[in-house]
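Structure first, then comments.
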Amino acid sequence: MQLQNNISLKNFHTFGIDIAARQFAAFKSVTELEELLHLPQMHQPLILGGGSNLLFTRDYDGLVLKNEIMGLNIIGQDEQFVYVNTGAGENWHAFVLYCLEHDLAGAENLSLIPGSCGASPMQNIGAYGVELKDIFHELEAYHLQDRKLVKFSKEDCAFGYRESVFKNKYKGHFAIVSVTYKLSRQPVFHTSYGAIEQELERMNLPALSIQGISQAVINIRRSKLPDPAITGNAGSFFKNPETDKQFYDDLKEKIPGIIGYSIGNDRVKLAAGWLIEQCGWKGYRQGDAGCHSKQALVLVNYGNATGREIYDLSERILASVYEKFGVVLEREVNII
Ligand code: FAD
Ligand code: EPU
362 MQLQNNISLK
372 NFHTFGIDIA
382 ARQFAAFKSV
392 TELEELLHLP
402 QMHQPLILGG
412 GSNLLFTRDY
422 DGLVLKNEIM
432 GLNIIGQDEQ
442 FVYVNTGAGE
452 NWHAFVLYCL
462 EHDLAGAENL
472 SLIPGSCGAS
482 PMQNIGAYGV
492 ELKDIFHELE
502 AYHLQDRKLV
512 KFSKEDCAFG
522 YRESVFKNKY
532 KGHFAIVSVT
542 YKLSRQPVFH
552 TSYGAIEQEL
562 ERMNLPALSI
572 QGISQAVINI
582 RRSKLPDPAI
592 TGNAGSFFKN
602 PETDKQFYDD
612 LKEKIPGIIG
622 YSIGNDRVKL
632 AAGWLIEQCG
642 WKGYRQGDAG
652 CHSKQALVLV
662 NYGNATGREI
672 YDLSERILAS
682 VYEKFGVVLE
692 REVNII
């Protein structure tokens, strides 16, 4: 719980940008968090998990608080469901592996997403046809100003596509300290999204299982997403934009190749990676800032890019997608 001054955050976030925090401390319990918040010099606390959804554009002039609250326990069960509670500092993929080992279904499609369990509700993490909300039960969060613990049900979290109350109404208000997930004893397989079926066929498994789906998802992710241990990135930099069906139909008439998925209510989700690729950005590099060569939605730091350079590149991408398609992209990554 030691408080450090002017510490580099390069190794604490997956973009690997060399910026400094004025103050930095890790906490392993709510009591330690409370003690840090009582420090007289404490200001602008920023809760940090695995740092895999952040872009720092400048030094952080405040206190970065790294959540290291651990713990992973089954806290309840019935005939259908098993409730697993994790400390917010637990690694997300380690939790997924725990579920697979114990034959608990629901998290397998979310395999290999970097980061912490505590951040999983922040943007309602999602991949391959499943979102966090599908296995979420409740969470406990500490109000940084009121200094009290508050429980949030699924409804309280107001989950949406890469959204929750913690990214909007309560942005910066809470430190999520633990999350309870509701896993199923009986699996419901989700294999229709993207290349899962194709990959499962290639793997030629004797029977379908949550472990097989997890491995298929891992294989697909490894084939197109850059490994942050090698190339700095924060996954998809932008969200896939949602438009109304009429706008999409008009666009499709002009540009037949455009990729969109119906999401009901006369709304369509467009593949932002495709739009960005069509604007010629895929594989683009200027200095050490670039657009990934296998997934145009992912911006990368090849080594010594600054946060400003990555941000400026994102501005240019936004402008060109708007100019070519009239579509406004929204950043998914949290800009600090
Ligand atoms: P951080 O980056 O540390 O924090 C993210 C935000 O949450 C910050 O605003 C931070 O202040 C806040 N925060 C973190 N922890 C807490 C807490 N305990 N309490 C309150 N606030 C908190 N995301 C997906 O949804 N789907 C994907 O498929 C996916 N793939 C990715 C692939 C790669 C290669 C990478 C690098 C990222 C990917 N991401 C994906 C994004 C990222 O992994 C997730 O958003 C993840 O949940 C972030 O967790 P984190 O602990 O690293 O959060
Ligand atoms: N595409 C292109 N060019 C590209 C990238 C994608 O044409 O450069 C096309 C693909 O061919 C495909 C479509 O776009 O037809 C969708 O691509 P993909 O399946 O790779 O997924 P995505 O929509 O680009 C989303 C999430 C990812 C998540 C995957 C899998 C968002 C913003 N991103 O990406 O999440 O892992 O689906 O479910 O919703 C993240 O949030 O950080 C993240 C990586």
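Going by the numbering used here, the first residue of the sequence shown is number 362, and it counts up by one from there.
Where is the CB? At the ideal position from N, CA and C, for every residue including glycine.
LEU636 - DSSP class collapsed to helix/strand/coil: Numbered from its first residue, the sequence shown carries residue 636 at position 275. LEU636: helix per DSSP, three-state reduction.
Check whether the Cβ atoms of PRO587 and SER413 sit closer than 8 Å, and answer yes or no. Within the sequence shown, numbered from 1, the residue matching residue 587 stands at position 226. Within the sequence shown, numbered from 1, the residue matching residue 413 stands at position 52. No, they are not a contact pair.
Does the distance from the C-beta atom of TYR489 to that of HIS551 stay below 8 Å? What you label residue 489 is simply residue 128 of the sequence shown in a count that begins at 1. What you label residue 551 is simply residue 190 of the sequence shown in a count that begins at 1. Result yes, Cβ atoms of TYR489 and HIS551 sit closer than 8 Å.
Quick check on the DSSP output: what are the complete beta strand (DSSP E) runs of length 3 or more inside the region 508-551, in order along the chain? 509-514 and 535-545
What separation, rounded to the nearest whole angstrom, lies between the Cα atoms of HIS498 and SER681? Your numbering for residue 498 matches position 137 in the sequence shown. Your numbering for residue 681 matches position 320 in the sequence shown. Rounded to whole angstroms, HIS498 to SER681 spans 41 Å at the Cα level.
Taking the alpha carbon of ILE620 as the point to measure from, which residue in LYS509, PRO602 and ASN626 has its own alpha carbon closest? Reading the sequence shown from its first residue, position 259 is the one you call residue 620. Checked all of LYS509, PRO602 and ASN626; the closest Cα to ILE620 is PRO602.
Same chain, Cβ closer than 6 Å to PHE385, neighbours up to 5 away in sequence not counted: The residue given as residue 385 occupies position 24 in the sequence shown. GLN365, ILE368 and VAL425, listed in sequence order.
Is it buried or exposed, PRO406, if we count other Cβ atoms within 10 angstroms and call 16 or more buried? In the sequence shown, counting from the first residue as 1, residue 406 sits at position 45. With 16 or more Cβ atoms within 10 Å of its Cβ, PRO406 is classed as buried.
Can you round the beta-carbon distance between LEU544 and CYS460 to whole angstroms, since I take them to be within the 8 Å contact cut? By 1-based counting over the sequence shown, the position of residue 544 is 183. By 1-based counting over the sequence shown, the position of residue 460 is 99. With a Cβ gap of about 6 Å, LEU544 and CYS460 count as contacting.
Where does GLN438 fall in DSSP's three states? Here the question's residue 438 lines up with position 77 in the sequence shown. If DSSP states are grouped into helix, strand and coil, GLN438 belongs with the strands.
Cβ of TRP635 within 7 Å of any heavy atom in ligand 2? For the purposes of this step, residue 635 is identified with residue 274 of the sequence shown, where counting begins at 1. Yes, the beta carbon of TRP635 sits closer than 7 Å to at least one heavy atom of ligand 2.
Could you tell me the boundaries of the alpha helix (DSSP H) in which HIS454 lies? Position 93 of the sequence shown holds residue 454. 453-462 is the span of the alpha helix (DSSP H), which, as asked, contains HIS454.
Please classify LYS502: is it buried, with 16 or more other beta-carbons within 10 angstroms of its beta-carbon, or exposed? Taking the sequence shown and counting its residues from 1, the one referred to as residue 502 is at position 141. It should be noted that the sequence gives Ala, not Lys, for residue 502. So ALA502 counts as buried.
Could you tell me which of PHE388, ARG546 and LEU473 sits nearest to LYS585, measuring between CA atoms? Taking the sequence shown and counting its residues from 1, one reaches residue 585 at position 224. The option with the nearest alpha carbon to LYS585 is LEU473.
Please find out if some non-hydrogen atom of ligand 1 comes closer than 7 Å to the beta-carbon of MET483. Within the sequence shown, residue 483 is the residue found at index 122, counting from 1. Yes, the beta carbon of MET483 sits closer than 7 Å to at least one heavy atom of ligand 1.
According to DSSP, is LYS606 part of a helix, a strand, or is it coil? Here residue 606 refers to the residue found at position 245 of the sequence shown. Three-state DSSP puts LYS606 in a helix.
First and last residue of the beta strand (DSSP E) that includes ALA386? Reading the sequence shown from its first residue, position 25 is the one you call residue 386. Unbroken beta strand (DSSP E) run through ALA386: 381-388.
Quick one: is MET564 buried, meaning 16 or more other Cβ sit within 10 Å of its Cβ, or exposed? As a working mapping, residue 564 is identified with position 203 in the sequence shown. Under this definition MET564 is an exposed residue.
Taking the alpha carbon of SER675 as the point to measure from, which residue in TYR663, ILE380 and LEU690 has its own alpha carbon closest? As a working mapping, residue 675 is identified with position 314 in the sequence shown. With distances taken between Cα atoms, SER675 lies closest to LEU690.
Quick check on LEU674: does DSSP put it in helix, strand or coil? On the sequence shown, residue 674 is found 313 positions in, with the first residue counted as 1. When secondary structure is reduced to three states using DSSP, LEU674 falls in the helix class.
If we call anything under 8 Å between Cβ atoms a contact, is ASN594 one with VAL511? By one-based count along the sequence shown, residue 594 stands at place 233. By one-based count along the sequence shown, residue 511 stands at place 150. Not a contact, by the Cβ cut-off of 8 Å.
Since SER477 sits in a beta bridge, which residues does DSSP pair it with? As a first step, residue 477 is located in the sequence shown; it is residue number 116 there, counting from the start. For SER477, which the question treats as bridged, DSSP gives the partners ASN452.
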